[in-house]
Amino acid sequence: MPGILFDLDGVFYVGGDPIPGAADALAWVCGRRIPHCFLTNTTSRPRSALASKLAGIGITVEPDAILTPPVAASRWIREHVEGSVVLFVPEATRAEFQELPLAKGEDREKVGAVVLGDLGEDWDFSTLNRAFRFLMQYPRPSLIALGMTRYWQAPEEGLRIDVGPYVKALEYAAGVEPVVLGKPAIAFFDIALSMIGCAAGESVMIGDDIRGDIAGAQAAGINGILVKTGKFRPTDLQGDVRPTAVLDSVAELPRWWNERYGVASCRLRP
Ligand SMILES: [Mg+2]
Numbered sequence: 014m015p016g017i018l019f020d021l022d023g024v025f026y027v028g029g030d031p032i033p034g035a036a037d038a039l040a041w042v043c044g045r046r047i048p049h050c051f052l053t054n055t056t057s058r059p060r061s062a063l064a065s066k067l068a069g070i071g072i073t074v075e076p077d078a079i080l081t082p083p084v085a086a087s088r089w090i091r092e093h094v095e096g097s098v099v100l101f102v103p104e105a106t107r108a109e110f111q112e113l114p115l116a117k118g119e120d121r122e123k124v125g126a127v128v129l130g131d132l133g134e135d136w137d138f139s140t141l142n143r144a145f146r147f148l149m150q151y152p153r154p155s156l157i158a159l160g161m162t163r164y165w166q167a168p169e170e171g172l173r174i175d176v177g178p179y180v181k182a183l184e185y186a187a188g189v190e191p192v193v194l195g196k197p198a199i200a201f202f203d204i205a206l207s208m209i210g211c212a213a214g215e216s217v218m219i220g221d222d223i224r225g226d227i228a229g230a231q232a233a234g235i236n237g238i239l240v241k242t243g244k245f246r247p248t249d250l251q252g253d254v255r256p257t258a259v260l261d262s263v264a265e266l267p268r269w270w271n272e273r274y275g276v277a278s279c280r281l282r283p
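Its first residue numbered 14, the sequence shown is counted upward by one per residue in this note's numbering.
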């Protein structure tokens with residue numbers, strides 16, 4: 014069964030404004046019972062807040078259908094990690110990990126995984142060094158990164174370092190390879206596919222980011238459909254990434270799907 018992975022920001026809304034026709038396109042997907050879910054690299058807001066934002070622009074989405082890096086990390090840890098988990102994440106993100114065995118974070122406590130998020134102002138030498146010491150235990154715990162974003166633009170004060178540089182610092186210091194959960198990491202797309210029970214080759218990812226959405230999906234064996242909304246720029250099409258299709262917006266999805274896969278059936282043609 015083919016499925017659809019949707020990016021949120023730039024596909025359904027830009028800032029607080031809905032993309033025209035996006036709600037109708039999603040209603041069409043639901044009406045056709047095409048399996049789908051939503052992927053976002055947002056770590057600062059829980060899924061319920063994202064679902065509320067979508068509801069505000071007339072789009073109904075169950076929080077459980079949204080995959081964020083903390084949710085993916087929690088799933089990955091349940092499947093791959095034995096032992097407790099120590100979190101270096103903001104307070105708002107901790108709720109997504111509450112079902113896991115959490116370490117107290119005390120010195121010399123044995124842990125199975127170290128999770129790194131965007132701690133912002135709460136990073137200092139002793140915090141980073143505490144994470145480093147956990148990673149130097151034997152057997153080595155898994156280092157889980159909630160994305161690898163290098164920096165972001167804060168509304169008033171300007172650029173701010175994100176989680177990526179801290180992951181790199183610990184990777185270098187401890188000599189460990191991080192598991193990155195967030196677009197464009199393949200593991201993130203794999204978890205999304207398992208959420209909807211669909212195979213990669215038959216499914217599509219719809220997004221506005223030529224690298225994070227399209228190149229990432231294609232590396233995971235998923236068809237990448239680029240929309241010309243959100244952060245899309247015409248120069249995106251002059252690089253080395255070749256999307257499976259380019260649509261003016263997600264509103265064109267039903268027409269594209271019917272042309273390519275047929276009106277009567279959701280099965281993809283070979
Ligand atoms: Mg986007």
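Just so it is clear, CB atoms sit at the ideal spot from N, CA and C, and this is done for glycine as well. All values reported here derive from a predicted model rather than from experimental measurement.
Per DSSP, cross-strand counterpart(s) of residue i
i	result
D30	V27
L18	C50, M218
I238	I219, A258
S155	A126
L100	V128
I79	F51
A167	G171
L115	V98
Minimum C-alpha distance to residue i - residue among the options
i	options	result
S267	C43, G29, V27	The amino acid occupying residue 267 in the given sequence is Pro; Ser does not appear at that position. Of the candidates C43, G29, V27, the one whose C-alpha sits nearest the C-alpha of P267 is C43.
L39	F19, A213, A126	F19
R163	P152, I157, D175, S155	D175
F202	I79, G133, N271, I70	I79
D120	L141, T257, G225	L141
A105	I223, P15, T81, S57	S57
P168	M14, G28, I17	G28
E95	P154, D77, A144	P154
A73	G237, V254, A62, W269	Reading the sequence as shown, one finds Thr at residue 73 and not Ala. Nearest option by C-alpha distance: A62.
M208	G23, R46, A85	A85
P31	M149, P191, I70, V240	I70
G133	S262, Y179, R88	Y179
Proximity test, residue i beta-carbon vs ligand 1 heavy atom, cut-off 7 Å
i	result
V102	no
V254	no
D203	no
D131	no
D22	yes
K244	yes
G220	yes
Local conformation of residue i per DSSP, three classes
i	result
R173	strand
G160	coil
R282	The predicted position of R282 is uncertain, since its pLDDT is 44 and thus under 50; a value taken from the coordinates is nonetheless stated next. DSSP places R282 in coil when its eight states are reduced to three.
L132	coil
V276	coil
V84	helix
V180	helix
V94	coil
C194	Rather than Cys, the amino acid found at residue 194 in this sequence is Leu. It is coil, neither helix nor strand.
C43	helix
M208	helix
Below-8 Å beta-carbon distance, residue i vs any chain C residue
i	result
Q251	This model lacks chain C altogether; it includes just one protein chain.
Any contact between the stretch 127 to 143 and the stretch 88 to 105? By contact I mean 3 or more CB pairs, one from each, below 8 Å. yes
Any contact of the stretch 226 to 237 with the stretch 191 to 211, i.e. 3+ C-beta pairs under 8 Å? yes
With a threshold of 8 Å, are at least 3 pairs of Cβ atoms found where one atom belongs to the stretch 212 to 224 and the other to the stretch 241 to 253? yes
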